[in-house]
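Asks: Residue numbers (our numbering): -9 to 139.
1. Helix, strand or coil, according to DSSP, for residue 105 in the structure here?
2. Give me the Cα-Cα distance between residue 29 and residue 129, rounded to the nearest whole angstrom.
3. Evaluate the contact criterion for the segment 118 to 133 versus the segment 7 to 18: three or more CB pairs, one atom per stretch, below 8 angstroms.
4. Quick one, which of 9, 94, 112 and 25 has its alpha-carbon nearest residue 78's?
5. Give a yes or no on whether the C-beta atoms belonging to residue 25 and residue 74 are separated by under 8 angstroms.
6. In this structure, how does DSSP classify residue 44 when only helix, strand and coil are distinguished?
7. Could you tell me whether the Cβ atoms of residue 137 and residue 8 are closer together than 8 angstroms?
8. In this structure, how does DSSP classify residue 7 when only helix, strand and coil are distinguished?
9. Let's test the definition: count the other Cβ atoms within 10 Å of the Cβ of residue 135 and tell me whether it reaches 16, buried, or not, exposed.
10. Counting along the chain, where does the beta strand (DSSP E) carrying residue 31 start and finish?
Have a look at this one:
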């Protein structure tokens, strides 16, 4: 009789499954651009794992029909800036827990979650960039639900 190994919350398989659910959620919401990301950081290792998936395209070209001097958007850059803020503050992106530093953005769309028991001590950071802040948060919640199930 073979025993099936229990999947850990920080496994590549779980991260990949969560990212696929996030991609599906984005497409169901009508988004055709953006980046979903997950960072799993078990505190007993020095190197957290970061994985991401691109939903169709990772950037938007400048649009002369938008107001102001539209430069376009790099969704991957924004996503990693959200992650940088969360890793530094250990709070959700956009939490305004402190002033943002160069290289960070204060946009909502990233969630931080921490396991407190000894066996599973660590943190999960999930987020999305490519929709409105509300859409980004809905997609992040979907990913987090898979990571902590």
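Ideal Cβ placement from N, Cα and C applies to all residues, glycine included. Remember, predicted model here, so these are calculated numbers, not experimental data.
Replies: Taking the structure as given:
1. strand
2. 15 angstroms
3. yes
4. 94
5. Going by C-beta atoms, residue 25 is not nearer than 8 angstroms to residue 74.
6. strand
7. yes
8. For residue 7, the three-state secondary structure derived from DSSP is helix.
9. exposed
10. 25 to 32
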